[in-house]
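In my numbering, the protein residues as written are 44 to 337.
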């Protein structure tokens with residue numbers, strides 16, 4: 044199990060580096076997400092080629108990249124930093140989670156193109172699959188220099204805490220981004236799902252989501268108060284329950300910050316953003332010519 048290296052004065056000498064590595068992974072994931080959500084991406088085959096290219100990128104040997112470009116180079120530089128101090132199990136789990144997330148983003152893009160809007164019952168698992176929650180938790184593990192044992196993650200109260208936190212983050216995100224989501228025909232938005240399923244007005248759907256967010260936030264805060272006690276009693280944490288509980292402090296901080304603001308959509312600026320189409324061309328798997336298929 045990885046553990047933080049403390050200096051003679053008790054300080055964590057590698058904390059800044061781990062924070063930078065965690066932030067780099069979050070930034071790269073956000074850019075990959077933009078590639079899938081770009082309204083200009085309207086060809087289903089191009090969506091699949093993008094997913095295949097991203098999976099090939101994260102699974103490549105950094106020393107022999109399968110293609111060249113900014114995203115491939117960024118991942119090749121980031122991967123050794125992510126692996127530093129991490130176990131092989133953690134590394135493989137992260138890669139598997141990124142691959143699963145890419146498949147979910149592909150599905151969402153296909154739904155956007157086809158005009159499909161999920162039912163409210165299907166919304167949460169679909170939204171969770173594209174939200175990158177597992178990858179976000181890995182970012183917190185990097186910062187805290189801990190790897191959460193699977194037995195702890197499967198504990199009933201821990202899973203409840205994660206489910207509540209996830210719902211608040213992304214339903215609140217949907218509220219903030221509903222205008223843009225409607226314009227871009229983004230399918231996984233709870234306001235849109237409620238309106239599509241019930242036929243209610245936009246105002247009623249928004250009020251319903253706001254009420255659910257407030258209820259779930261209150262429940263999250265109640266469960267969170269028990270986390271330190273819970274982690275002090277769980278087995279397999281080598282008497283370091285406080286350090287492992289700190290992984291979820293990041294989740295709590297994120298919810299507190301987002302109670303008053305959302306980072307999903309910021310006001311437009313005059314600064315030019317990344318050339319998404321160029322980045323997609325660089326990383327997408329080329330289509331296999333029909334004549335080459337046997």
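For glycine and all other residues, C-beta sits at the position ideal for the given N, C-alpha and C. Since we're looking at a predicted model, the values are computed, not measured.
When the options are compared against residue i, the one with the closest alpha-carbon
i: residue 190; options: 125, 63 and 259; result: 125
i: residue 91; options: 67, 146, 250 and 130; result: 146
i: residue 74; options: 319, 150 and 290; result: 319
i: residue 78; options: 328, 322 and 329; result: 322
i: residue 229; options: 166, 117, 266 and 287; result: 166
i: residue 215; options: 175, 87, 259 and 58; result: 259
i: residue 264; options: 204, 135 and 65; result: 204
i: residue 271; options: 282, 261 and 262; result: 282
i: residue 58; options: 158, 280 and 128; result: 128
i: residue 87; options: 267, 132 and 153; result: 153
i: residue 226; options: 133, 158 and 179; result: 158
Nonlocal neighbours in the same chain, by C-beta distance under 7 Å from residue i, ignoring five residues either side
i: residue 177; result: 140
i: residue 275; result: 284
i: residue 170; result: 213 and 231
i: residue 289; result: 187
i: residue 307; result: The predicted position of residue 307 is uncertain, since its pLDDT is 47 and thus under 50; no value can be drawn from it.
i: residue 155; result: 228, 229 and 230
i: residue 261; result: none
Whole-angstrom C-beta distance between residue j and residue i, which should lie under 8 Å
i: residue 138; j: residue 102; result: 7 Å
i: residue 188; j: residue 61; result: 6 Å
i: residue 173; j: residue 143; result: No, residue 173 and residue 143 are not in contact; Cβ-Cβ is about 10 Å, not under 8 Å.
i: residue 217; j: residue 232; result: 5 Å
i: residue 237; j: residue 256; result: The pair is not a contact, with the Cβ atoms about 13 Å apart (cut-off 8 Å).
i: residue 200; j: residue 269; result: 7 Å
Close Cβ partners of residue i (< 8 Å) along its chain, the five nearest in sequence each way excluded
i: residue 115; result: 100, 103, 108, 109, 325 and 326
i: residue 149; result: 79, 90, 91, 93 and 94
i: residue 202; result: 196
i: residue 64; result: 121, 124, 125, 127 and 185
Nonlocal neighbours in the same chain, by C-beta distance under 6 Å from residue i, ignoring five residues either side
i: residue 105; result: 119 and 122
i: residue 69; result: 182
i: residue 329; result: none
i: residue 67; result: 121
i: residue 277; result: 195
Check: residue i C-beta below 7 Å from any heavy atom of the ligand FAD
i: residue 210; result: Judged by which ligands are present, the structure shown has none, so any question about the ligand FAD falls away.
Pair every Cβ in the stretch 104–111 with every Cβ in the stretch 158–167, then say whether three or more of these pairs are closer than 8 Å.
no
Determine contact between the stretch 290–297 and the stretch 182–199, defined as no fewer than three beta-carbon pairs at a distance below 8 Å.
yes
Can you give, in chain order, each stretch of the alpha helix (DSSP H) that sits fully within the stretch 163–222 and has at least 4 residues?
163–174, 176–187 and 193–196
Pair every Cβ in the stretch 67–87 with every Cβ in the stretch 193–202, then say whether three or more of these pairs are closer than 8 Å.
Fewer than three beta-carbon pairs drawn from the stretch 67–87 and the stretch 193–202 are found closer than 8 Å, and the two stretches are therefore not classed as touching.
Would you list, in sequence order, the uninterrupted alpha helix (DSSP H) runs of no fewer than 4 residues that lie entirely inside the stretch 98–140?
Runs of the alpha helix (DSSP H) inside the stretch 98–140: 113–126.
Can you find at least 3 beta carbon pairs, one from the stretch 244–252 and one from the stretch 202–210, that sit closer than 8 Å?
Because the criterion of three Cβ pairs below 8 Å is not met, the stretch 244–252 and the stretch 202–210 do not touch.
For the stretch 235–299, list the alpha helix (DSSP H) runs that are entirely contained and at least 4 residues long, ordered along the chain.
245–267 and 270–276
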